[in-house]
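Inspection log for the structure reproduced underneath, given as structure tokens.
Number of protein chains: 4
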Amino acid sequence: MMWTMSAAPTLAERRKQELRQGIIDSAFECFAAQGYHATGIADIATRLGIGHGTFYRYFANKRDIVEHVVDEVIAKIIAALSADNAPEVPDTIADYRAQVERIGDALARILTDDPRLPRMVLEAPGIDPQMSAKILGFYDLARRLTERYLAHGVETGYLREGLDVEATSHAIIGMIVATMLSAVQQPEAQHQRRLAAAIQSLMFEGITHEH
Amino acid sequence: MMWTMSAAPTLAERRKQELRQGIIDSAFECFAAQGYHATGIADIATRLGIGHGTFYRYFANKRDIVEHVVDEVIAKIIAALSADNAPEVPDTIADYRAQVERIGDALARILTDDPRLPRMVLEAPGIDPQMSAKILGFYDLARRLTERYLAHGVETGYLREGLDVEATSHAIIGMIVATMLSAVQQPEAQHQRRLAAAIQSLMFEGITHEH
Amino acid sequence: MMWTMSAAPTLAERRKQELRQGIIDSAFECFAAQGYHATGIADIATRLGIGHGTFYRYFANKRDIVEHVVDEVIAKIIAALSADNAPEVPDTIADYRAQVERIGDALARILTDDPRLPRMVLEAPGIDPQMSAKILGFYDLARRLTERYLAHGVETGYLREGLDVEATSHAIIGMIVATMLSAVQQPEAQHQRRLAAAIQSLMFEGITHEH
Amino acid sequence: MMWTMSAAPTLAERRKQELRQGIIDSAFECFAAQGYHATGIADIATRLGIGHGTFYRYFANKRDIVEHVVDEVIAKIIAALSADNAPEVPDTIADYRAQVERIGDALARILTDDPRLPRMVLEAPGIDPQMSAKILGFYDLARRLTERYLAHGVETGYLREGLDVEATSHAIIGMIVATMLSAVQQPEAQHQRRLAAAIQSLMFEGITHEH
DNA sequence: CATGAATGAGCCTTCATTCAT
DNA sequence: TATGAATGAAGGCTCATTCAT
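Protein chains in written order, with the numbering used here: chain Y, -18 to 192; chain W, -18 to 192; chain H, -18 to 192; chain X, -18 to 192.
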């Protein structure tokens, strides 16, 4: 139909989109506050002031909504992890370090901004095996991205030859996970920044005396 | 009959202990396979071939059993993390590196041995807030232990002066978490060993060229 | 449509009230027929032809419904006991005797009408200590009312000076209880009326020859 | 068999009888303290210090024991109601009044002695319809006894001609029930005695001025 | 005979989902 | 389209009863 052409969302359609997003937000808040299993569809609807029957006009079931909520959480974190380093691939050690710093800052910012994000990621694997797989998939996505950067660094020569890029990428992701874990309990910006700095140091200098 | 007084648990008592442990194991298997919430008491009992009423002779409720299961999992991991480094506190960089290696090996061994261990740790925080707190507490316990070692290293002089021991301990624990996460999907011994080696390298040399 | 604002309960609302009352009635019948403990929520629901989940939309739990059932039973009996003697306080022995007669008639009428009422009162104390207390409280309420009337009679002079109004009120309530007890097995109106007459005789003449 | 002849209960047999009685007593205490439904077989056995399996060597099931407990309670009350008036049937108004007094005293004594007796009678009808019938049967037994005495009084001439002996017996039993009801809450001897006196007064003089 | 471990029927209650209004 | 009343599958838990030791 002609009038459906991209640029012209009906008023009704926009409202629909807004309500849909509202449900996702409400669900996020409920899940973050009480956990997935302790949250009822009625809770999500009530918090939003809609009837809980309405929920099912926008999402197929409880599992469906949590899928969307987690996807959104992951998307936000991925955005923080990737947005700032998109422009160009670093070609010197300084560039790379700067990029790691930018990522650390972005992560610190987003985690400090909303500590429920890491909490969600922490608790999501308990929902069911599939959700667990999704979270692990998210970790792996981030890890593969990291691995590519490391590989590029080795190829380009600013990272150590012989570096086990795959294994090291796991370790680096682990440190990012640590950042998220600690954000659950200590979301203060300063703490996050210290953690980011320590990770940087560890990566670029190790913990020993500079040799 | 002449019983040796002290260490003589009745046959019945031994059976009781065995059944109790059997229930814990069965529960562990169910939780690992289907997740806490999808597991019914009946599942645990049936898998063991006992009536589900029997379960309640040994554990107060579903929450009680998962507590025991998780405690056992944590105990195993803590044992791996701490047993080998108990003897003496490292006083040289070589000692410390050796200890880190031993821990890595022990961890690799136990995770390879039973990949459901890390899966359980991964999924436990989704059970409820208290369990979440317990897991975070476990992480924090390990972290504080690491922090003490780092502090000792700095004091003794074999670690860099000015090292942010607290933040760094978070990062190191993150890498241990990474080990566990990867063990869920790649429990092969070789992979675990590579990961342990990479962590060591990262800690003691960083990822850059040795300067 | 021109609704008269105030007393216009929606159709839905009226249905709701009706269903609620239906559940109370159904529960009353079940409890009366099988006793509280032998009655399952499913019985109450099935007898009414509704799903047993529906029950919980109207009452919090099994205890809640029996509370309502008993309250209703008590209310009916209290109404019988008090409605007819409300108008004015009797000031002569004839007035008082007439009032006692009215109460007796009203009680006979209601007990004959539904013999499950006294049965419920009889069995309620076995539900739990709180219910027991409620029933005893109901007896005591009636007793204190009776006591007030006796005291008024003594003050006014148409009852014997020196009458132990408190103890006598207990005795009179006991005779009302007897009426209820016998109604369980002999609900026929005639029997009830004879009993009421005998109680009157006992109160006003004793069992001996008029002296 | 010869040696079974009445007078020679084996030691073992006596022990058995004692344990049996012990179980009844223990059950009575449990039922009185927590109610029938809240009492488990295990409670009864534990209070007595025996294994709960042993219970079933003496009583068929939970229903069986409560039957015995209630029977014993009823027997005690019947004894109080009938023991003292057994010797001879009263033939004058004074004799009868004296007898009523003796009964009242005996009742007061036993209720004051153990207020759990009336409580048991009060709560027993809630156990199940059969128990309810038993209690009603007990009331009726006492009532018929009373009725016989009243009839004798009328025949003999010391009670009013035309007295509705059946209905009046209901009323009198009601007052005895009142005594039991009030004993649940006020077991003090003095209160019981006042109540007995009031009942006597009511029976023999009515509540009005002596005419 | 005493014991208590084992059992499973049975019940209350929750809540995701459906559907008539 | 929004609603919320109705539903019943599902599951945790209790406890009377049995029976091997």
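All C-beta atoms, glycine included, are put in the ideal place defined by N, C-alpha and C. Computed from a prediction, not measured in an experiment: that's the story for all the values here.
Would you say H:Arg83 lies against chain X (beta-carbon separation less than 7 Å)?
Locating residue 83 of chain H in the third sequence gives position 102, where the first residue counts as 1. No, H:Arg83 lies away from the interface with chain X (no Cβ there is under 7 Å from its Cβ).
Using a Cβ cut-off of 7 Å, which residues of the region 161 to 174 of chain W contact any Cβ in chain Y, in chain order?
If the cut-off is 7 Å between Cβ atoms, the region 161 to 174 of chain W has Leu162, Ser163, Val165, Gln166 near chain Y.
Do you know offhand how far H:Thr93's Cα is from H:Glu147's?
What you label residue 93 of chain H is simply residue 112 of the third sequence in a count that begins at 1. What you label residue 147 of chain H is simply residue 166 of the third sequence in a count that begins at 1. Distance between the alpha carbons of H:Thr93 and H:Glu147 is about 29 Å.
Comparing alpha-carbon positions, which option in Y:Met161, Y:Thr127, Y:Ala105 lies nearest Y:Tyr17?
Your numbering for residue 17 of chain Y matches position 36 in the first sequence. Considering only alpha carbons, the answer is Y:Ala105.
With DSSP run on the structure shown, which of helix, strand or coil describes Y:Arg100?
In the first sequence, counting from the first residue as 1, residue 100 of chain Y sits at position 119. Residue state, collapsed to three classes: helix.
By the 10 Å Cβ neighbour count, where 16 or more other Cβ atoms means buried, how is W:Leu98 classified, buried or exposed?
Counting from 1 along the second sequence, the entry for residue 98 of chain W is found at position 117. Buried: at least 16 other Cβ atoms inside 10 Å.
Helix, strand or coil for X:Phe40, going by three-state DSSP, please let me know.
On the fourth sequence, position 59 is the one that residue 40 of chain X refers to. Coil.
For X:Phe185, decide whether its Cβ has a neighbour in chain H, counting only Cβ atoms nearer than 7 Å.
As a first step, residue 185 of chain X must be located in the fourth sequence, where it is residue number 204. Output row for X:Phe185: interface = yes.
Kindly indicate which three-state DSSP category Y:Arg141 falls into: helix, strand or coil?
Position 160 of the first sequence, counted from the start, is the residue given in the question as residue 141 of chain Y. Note: Y:Arg141 maps to coil in three-state DSSP.
What residue range is occupied by the uninterrupted alpha helix (DSSP H) comprising W:Val70?
Working through the second sequence from its first residue, we reach residue 70 of chain W at position 89. Looking at the DSSP string, W:Val70 is not in any alpha helix (DSSP H), and its letter there is neither H nor E.
Does the separation of the CB atoms of H:Tyr39 and H:Arg1 fall below 7 Å?
On the third sequence, position 58 is the one that residue 39 of chain H refers to. On the third sequence, position 20 is the one that residue 1 of chain H refers to. For H:Tyr39 and H:Arg1, yes; Cβs fall inside 7 Å.
Between which two residues does the alpha helix (DSSP H) holding H:Asp6 run?
Mapped onto the third sequence, residue 6 of chain H falls at position 25. From DSSP, the alpha helix (DSSP H) with H:Asp6 extends over -8 to 15.
Can you give me, in chain order, the residues of the region 99 to 113 of chain X that have a beta carbon less than 9 Å from any beta carbon in chain H?
Taking 9 Å as the Cβ-Cβ cut-off against chain H, the residues of the region 99 to 113 of chain X that qualify are Arg100, Leu103, Glu104, Ala105, Pro106, Gly107, Ile108, Asp109, Pro110, Met112, Ser113.
At 4 residues or longer, what runs of the alpha helix (DSSP H) sit wholly inside the region 107 to 189 of chain H?
Fully enclosed alpha helix (DSSP H) runs of 4 or longer: 110 to 137, 146 to 166, 170 to 186.
Could you spell out where the alpha helix (DSSP H) holding W:Asp24 opens and where it closes?
Within the second sequence, the letter at position 43 stands for residue 24 of chain W. 22 to 29 is the extent of the alpha helix (DSSP H) around W:Asp24.
So with Cβ pairs under 7 Å, would you call Y:Ile25 a contact of chain W?
To locate residue 25 of chain Y, count along the first sequence from 1; it is residue 44. Chain W contact via Cβ: absent.
Put Y:His18 into one of helix, strand or coil per three-state DSSP.
Here residue 18 of chain Y refers to the residue found at position 37 of the first sequence. Correct three-state label for Y:His18: coil.
Which value, in whole angstroms, describes the spacing of the CA atoms of X:Asn42 and H:Ser150?
Within the fourth sequence, residue 42 of chain X is the residue found at index 61, counting from 1. Within the third sequence, residue 150 of chain H is the residue found at index 169, counting from 1. Going from the Cα of X:Asn42 to the Cα of H:Ser150 covers about 42 Å.
Note down the Cα distance separating X:His49 from X:Ile84, rounded to an integer number of angstroms.
Here residue 49 of chain X corresponds to residue number 68 of the fourth sequence, with the count starting at 1. Here residue 84 of chain X corresponds to residue number 103 of the fourth sequence, with the count starting at 1. Taking the straight line from one Cα to the other gives about 25 Å.
Check the Cβ-Cβ distances between Y:His204 and every residue of chain W, and say whether any is below 7 Å.
Any question about residue 204 of chain Y goes unanswered here, given that chain Y covers just -18 to 192.
Short of 7 Å Cβ to Cβ, which residues in the region 137 to 151 of chain X face chain H?
Within the region 137 to 151 of chain X, the residues whose Cβ lies closer than 7 Å to some Cβ of chain H are Leu140, Arg141, Leu144, Asp145, Ala148, Thr149, His151, listed in chain order.
Exposed or buried, what is H:Ala(-7) when buried is set at 16 or more other beta-carbons lying within 10 Å of its beta-carbon?
Taking the first residue of the third sequence as 1, we reach residue -7 of chain H at position 12. So H:Ala(-7) ends up on the exposed side.
Flag X:Ile59 as yes if its beta-carbon sits less than 7 Å from any beta-carbon of chain H, otherwise no.
Working through the fourth sequence from its first residue, we reach residue 59 of chain X at position 78. For X:Ile59, the answer is no, since every Cβ of chain H falls outside 7 Å of its Cβ.
If you draw a straight line from the C-alpha of H:Phe119 to the C-alpha of H:Val51, how long is it?
Your numbering for residue 119 of chain H matches position 138 in the third sequence. Your numbering for residue 51 of chain H matches position 70 in the third sequence. Rounded to whole angstroms, H:Phe119 to H:Val51 spans 11 Å at the Cα level.
Looking at Y:Ile108: is its Cβ nearer than 7 Å to the Cβ of W:Gly107?
Here residue 108 of chain Y corresponds to residue number 127 of the first sequence, with the count starting at 1. Here residue 107 of chain W corresponds to residue number 126 of the second sequence, with the count starting at 1. In contact: Y:Ile108 and W:Gly107 (Cβ atoms closer than 7 Å).
To which residues of the same chain is Y:Ala170 closer than 6 Å at the C-beta, ignoring the five residues directly before and after it?
Here the question's residue 170 of chain Y lines up with position 189 in the first sequence. Excluding residues within five positions, the ones whose Cβ falls inside 6 Å are Thr93.
Can you give me the C-alpha to C-alpha distance between H:Ala23 and Y:Val47, rounded to a whole angstrom?
Within the third sequence, the letter at position 42 stands for residue 23 of chain H. Within the first sequence, the letter at position 66 stands for residue 47 of chain Y. Approximately 33 Å between the Cα atoms of the pair.
Just confirm the distance between the C-beta atoms of Y:Ala89 and W:Asp145, as a whole number of angstroms; I'd bet it's less than 8 Å.
As a first step, residue 89 of chain Y must be located in the first sequence, where it is residue number 108. As a first step, residue 145 of chain W must be located in the second sequence, where it is residue number 164. Actually they are not in contact, since the Cβ atoms of Y:Ala89 and W:Asp145 sit about 15 Å apart, beyond 8 Å.
State yes or no: is the C-beta of W:Ala193 within less than 7 Å of the C-beta of Y:Gly187?
As shown, chain W starts at -18 and ends at 192. That puts residue 193 of chain W outside it, with no answer to give.
For Y:Ala159, return the contacting residues in chain W, with the cut-off set at a CB-CB distance below 7 Å.
For the purposes of this step, residue 159 of chain Y is identified with residue 178 of the first sequence, where counting begins at 1. Chain W residues near Y:Ala159: His151, Ala152, Ile154, Gly155, Val158.
Taking Cβ-Cβ distances shorter than 8 Å, what residues in chain W pair up with Y:Tyr130?
The count along the first sequence starts at 1 and reaches residue 130 of chain Y at position 149. None at all; the shortest Cβ gap to chain W is about 11 Å.
In the structure shown, what three-state DSSP assignment does W:Asp195 receive?
No information on residue 195 of chain W is available, as it lies outside the stretch -18 to 192 that chain W covers here.
Would you kindly work out how many angstroms separate the C-alpha atoms of W:Gln166 and Y:Val165, rounded to a whole number?
Your numbering for residue 166 of chain W matches position 185 in the second sequence. Your numbering for residue 165 of chain Y matches position 184 in the first sequence. Straight-line Cα distance between these residues: approximately 25 Å.
Does the beta-carbon of W:Thr73 have 16 or more other beta-carbons within 10 angstroms, so that it is buried, or is it exposed?
By one-based count along the second sequence, residue 73 of chain W stands at place 92. Exposed, since its Cβ has fewer than 16 Cβ neighbours within 10 Å.
Under a Cβ-count criterion, where at least 16 other Cβ atoms within 10 Å of its own Cβ denotes burial, should Y:Arg175 be classed as buried or exposed?
Mapped onto the first sequence, residue 175 of chain Y falls at position 194. Answer is buried; the Cβ neighbour count reaches 16.
Quick test of your reading: X:Met101 and X:Ala19, contact by CB under 8 Å. State the CB separation rounded to the nearest angstrom.
Walking along the fourth sequence from the start, residue 101 of chain X turns up at place 120. Walking along the fourth sequence from the start, residue 19 of chain X turns up at place 38. Not really, about 14 Å apart at Cβ, beyond 8 Å.
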